Amino acid sequence: MSKEKPSIPKGTRDFGPAVVVKRNYIFNTIKRTFEKFGYLPLETPAMEQLSVLTGKYGDEGDQLLFKILNSGDFLSKTKPEDLEQGYKNITRKVAEKGLRYDLTVPFARFVVMNRNEITFPFKRYQIQPVWRADRPQKGRYREFYQCDADVVGTNSLLCEAEIVQMINEVLTALGLTDFTIKINHRGILAGIAEAIGEKGREGDICVVIDKLDKIGAEGVRKELLERGISESAVAKLEPLYTLEGTNEQLLEQLQSILGETAEGQRGLADLREVWQYLSKLNSQALTASNASGIPRLMLDVTLARGLSYYTGCIFEVKVNNVSMGSISGGGRYDNLTGMFGMPGVSGVGFSFGVDRIYDVLEELMLFPDSSQVGTKVLLVQFDKDSEFYALPVLQQLRDAGIAAELYPEPAKLKKQMGYADQKSIPYVILIGSEEMASGKLKLRDMQLGEQQDLTIEEIISLLIK
RNA sequence: GUGGUUGUAGCUCAGUAGGUUAGAGCACCAGAUUGUGAUUCUGGGGGUCGUGGGUUCGAGCCCCAUCUUCCACCCCA
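Note that the working numbering numbers the first sequence so that position 291 is 292, with each residue one more than the last.
In structure tokens, the structure reads:
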């Protein structure tokens, strides 16, 4: 009989108490902001029908879906000859459900299913784990949380402006000061494609441009040529990588580059409107700037984002001076629910990467002490008498809203004190024969190492501060 | 999915050319100190060296497979 060593599946993690407390601090900060902007929570099942999920993320995405084996006799629908047609054919027959791959598609499914009950514009946020059968790497897991906020059923660019506001508010509340919100517009990218003589190729161009940070101008050049973009078009594109100036100057330069392209003009007009909204909102994103004087909100024509369903404004957020990719991103999509037969619903949404934000806050040591929760006071007992004496005291403390616990057995004092020390419990109350006789309990401040004899009322008023 | 990398005590890691009984620090337990924690001192428990095969007189070390870790690519949060 071999004793099996326990383990967890590849790419998954346990979160210990200290980590959960810090993660909740991030989640709560995000929730508070979402709700302040009128977004309400939504939860959808961990599993969806496979038919809802497949075909929504491209061939690559379909490969990364976790499928759930049908219960019972999962082979009942398969025939021996199915085997010969390969695994994909079998998969369809033995698995009808899958774990959700993101929160956006389940949201679209929800909107379509509940179109008659929903009042548009519909604003929802969703904080739940998603699963991908990707190969894990640092900062990439098979189970991870997404924090999405989307609004559907309105074309108003106020939504885009409010997204900028929410990003700014959340990151500021988390103590971050040096970050950049990059914004761009798919129309501008399409306009650029047209202006350089590659109309309609903005999809390819976006995918490649998105890698500019990573592979550099040379790498982008090579890959664009590989994808069949002409030499002259690439040459016209390259000056755009290094455009400089204020946001207003950038818009001016783009105006002349994009000329009469309809898509380009649409993009410019949208961005101008977003700026207008932000300025009326007195947005801090417009006034704040990072250490090198770059405005917090920055138009970046090289921002592309790989996802193909974006059609309008796109966002990405980078914390400066830390080695970490974007911690938030999103954009407008015109036809998310179209895939479920409900066309013409425009929406805009974005998402925070909690795991990455966690790492950034850890690196910059921005988790406040107040985000630590825990027992405030430990009651130490010596025997049955002191245990019974301590019980009503314990209840009194809890009734007063003080996190209190009684060590559950009359262990050696050294052990009980050690427990308090280990759990960083700041106060200990000793209840022994002397204390029971006098009614004055011994309160020990673990940090100062001082102790005093006090009544329970005195202790409560002291701890409640 | 492609190429590479990693695995030794609860944790972080040593382990020399393949050669007796696999080590250290931290952590844990006990005692010094029967009513006082993070310091100090003394002692103690704990490893089938990721797993399964193979080569060898002999394997933690070499070979194969597998799982895991991390990295680059693909893609993405």
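Glycine is no exception: its CB is placed at the ideal position from the N, C-alpha and C atoms. All figures in this text were calculated on a predicted structure; none of them were measured in a lab.
| Asked | Found |
| --- | --- |
| Cβ pair count under 8 Å reaching 3, the region 346-361 against the region 142-156 | yes |
| Spatial neighbours of M437 in its chain, beta-carbon cut-off 6 Å, leaving aside the 5 residues before and after | Y390 |
| Candidates I193, P409 and K94: closest to S207 by CA position | According to the sequence displayed, residue 207 carries Cys and not Ser. Of the candidates I193, P409 and K94, the one whose C-alpha sits nearest the C-alpha of C207 is I193. |
| Residue closest to S309, alpha-carbon to alpha-carbon, out of Y420, Y428, K57 and L41 | K57 |
| M2, buried or exposed, once every other Cβ within 10 Å from all chains shown has been counted against 16 | Low local confidence applies: a pLDDT of 28 at M2 is under 50, so the model's placement there is unreliable, and no value is given. |
| Backbone secondary structure at K319 - three-state DSSP | strand |
| Continuous alpha helix (DSSP H) assignments of at least 4 residues falling wholly in the region 192-250 | 203-210, 213-227 and 232-238 |
| Local Cβ density within 10 Å of F121, reported as buried at 16 or more and exposed below that | exposed |
| Alpha-carbon to alpha-carbon, T456 and L392 | 15 Å |
| Within 9 Å, strictly: CB atoms of I230 and D205 | yes |
| Alpha-carbon spacing of F16 relative to E364, whole angstroms | 18 Å |
| Contact the region 334-343 vs the region 315-323: 3+ CB pairs below 8 Å | no |
| Whole-Å CB distance - I69 paired with M48, under 8 Å assumed | 6 Å |
| Contacting residues, own chain, Cβ-Cβ under 8 Å from I403 (five flanking each side not counted) | K377, V378, I461, L464 and I465 |
| Three or more C-beta pairs below 8 Å linking the region 209-221 and the region 163-176 | no |
| Contact between the region 60-67 and the region 129-138 (3+ Cβ pairs under 8 Å) | yes |
| Beta-carbon separation (whole angstroms), R14 vs Y102, contact threshold 8 Å | Wrong, their Cβ atoms sit about 19 Å apart, outside the cutoff. |
| Contact check, G59 vs R187, beta carbons under 9 Å | no |
| Same chain, Cβ closer than 7 Å to S327, neighbours up to 5 away in sequence not counted | E317, V318 and K319 |
| Contact under 9 Å by Cβ, R228 with L252 | no |
| Beta-carbon spacing of M167, N248 below 9 Å | no |
| Element boundaries [alpha helix (DSSP H), containing M418] | L414 to Q423 |
| The region 91-101 in contact with the region 112-126 per 3-pair CB rule at 8 Å | no |
| Residues that C314 bridges to, as DSSP identifies them | H186 |
| Beta bridge counterpart(s) of L455 as assigned by DSSP | L442 |
| Residue burial classification, N90 (beta-carbon count within 10 angstroms, cutoff 16) | exposed |
| Assigned exposure category for G348 - 16 Cβ within 10 Å defines buried | buried |
| Range covered by the beta strand (DSSP E) that runs through G59 | Here G59 belongs to no beta strand (DSSP E); instead the alpha helix (DSSP H) covers G59 to Q64. |
| Which residues DSSP lists as bridging S329, in chain order | V318 and F353 |
| DSSP-derived helix/strand/coil call for L51 | helix |
| Whole-angstrom distance between E44 and N29, CA atom to CA atom | 16 Å |
| R169 versus A263: straight-line alpha-carbon distance, rounded | With the sequence shown as reference, residue 169 is identified as Asn, and Arg is not the correct amino acid for it. Spanning the two alpha carbons is a distance of roughly 31 Å. |
| Identity of the residue in M325, N283 and Q382 nearest R357 by Cα | M325 |
| Buried or exposed (CB count within 10 angstroms, at least 16 for buried), M540 | The requested residue 540 is not part of the displayed model; the chain covers only 2 to 466. |
| Environment of A162 [buried if 16+ CB atoms lie within 10 Å] | buried |
| Delimiting residues of the alpha helix (DSSP H) encompassing G176 | Unbroken run through G176: none, as it is neither H nor E. |
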